[in-house]
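S.K.: Add 2 to the 1-based position in the sequence shown for the working numbering, that's all there is to it.
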Amino acid sequence: MFDRSQLRKGTLEGCILQIIAREPSYGYAIAATLRDGGFADVTEGTLYPLLLRLERKGLIAAAFRASPAGPSRKYYALTPEGETYLAEFREAWRATAAGVAAILEGNIGPERRQDDATE
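1) Whose C-alpha, out of G12, G29, F4, is nearest the C-alpha of R67?
2) Please report the straight-line C-alpha distance between G72 and A34, rounded to a whole angstrom.
3) Can you tell me whether P70 is helix, strand or coil according to DSSP?
4) Where do the N-terminal and C-terminal ends of the alpha helix (DSSP H) with I22 fall, by residue?
5) Which residues in the same chain have their Cβ closer than 7 Å to the Cβ of E83, if we skip the five residues on either side of it in sequence?
6) Using CA atoms only, rank isn't needed, just tell me which of E15, G108, E90 is closest to T2.
7) Under DSSP, the alpha helix (DSSP H) around L61 begins and ends at which residues?
8) Who pairs with R75 in a beta bridge, going by DSSP?
9) Considering only C-alpha positions, which residue in the set R55, Q20, S7 is nearest to T86?
10) Skipping 5 residues on each side, what residues in its chain have a beta carbon closer than 6 Å to that of F91?
11) Under the rule that 16 or more other beta-carbon atoms within 10 Å means buried, what is I131, buried or exposed?
12) Would you call the CB atoms of A79 and P26 closer than 8 Å?
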């Protein structure tokens, strides 16, 4: 059986950075956006260690802000290093997605090259 978690694990960092790039955000809001985007299985046990890792890498910075609905919230914002990393992630993702799509859709491979040669 295919393990989706391994496929998603590599993409979550980039998705989290993109969410934060739009505007600084806090954990619960980031999780909600991920769920809306199809990452329904992302739990706090997955998200918060990722946020901590991104912070330790210097890709995001955290600051507490007052909340009108209760205690202060920890907001995350992209750092300049995070912006660079996100740009590199986007480029790598586009290239990878295009390559995977070409192979899965049968647009590449020995058969396709023979078809191209006969046209």
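Ideal Cβ placement from N, Cα and C applies to all residues, glycine included. Since the structure is predicted, the reported quantities are computational estimates derived from the model, not experimental observations.
M.R.: Reading from the atomic positions:
1) For the purposes of this step, residue 67 is taken as the residue at position 65 of the sequence shown. G29 is the residue among G12, G29, F4 whose C-alpha sits nearest the C-alpha of R67.
2) Mapped onto the sequence shown, residue 72 falls at position 70. Mapped onto the sequence shown, residue 34 falls at position 32. In a straight line, the C-alpha of G72 is about 19 Å away from that of A34.
3) Here residue 70 corresponds to residue number 68 of the sequence shown, with the count starting at 1. Three-state DSSP puts P70 in coil, outside helix and strand.
4) Against the sequence shown, residue 22 aligns to sequence position 20. Its alpha helix (DSSP H) spans residues 6 to 24.
5) Walking along the sequence shown from the start, residue 83 turns up at place 81. Counting only Cβ-Cβ distances below 7 Å, and skipping sequence neighbours, we find G60, L61.
6) Residue 2 is absent from the structure shown; the chain starts at 3 and stops at 121.
7) If you number the sequence shown from 1, residue 61 lands on position 59. Unbroken run through L61: none, as it is neither H nor E.
8) In the sequence shown, residue 75 corresponds to position 73, counting from 1. R75 is bridged to R67.
9) In the sequence shown, the residue the question calls residue 86 occupies position 84. Here the closest residue by C-alpha is Q20.
10) Taking the first residue of the sequence shown as 1, we reach residue 91 at position 89. Once the five neighbours on either side are set aside, the close Cβ partners of F91 are G16.
11) Because the chain here runs from 3 to 121, residue 131 falls outside it and cannot be looked at.
12) Within the sequence shown, residue 79 is the residue found at index 77, counting from 1. Within the sequence shown, residue 26 is the residue found at index 24, counting from 1. Closer than 8 Å, so yes.
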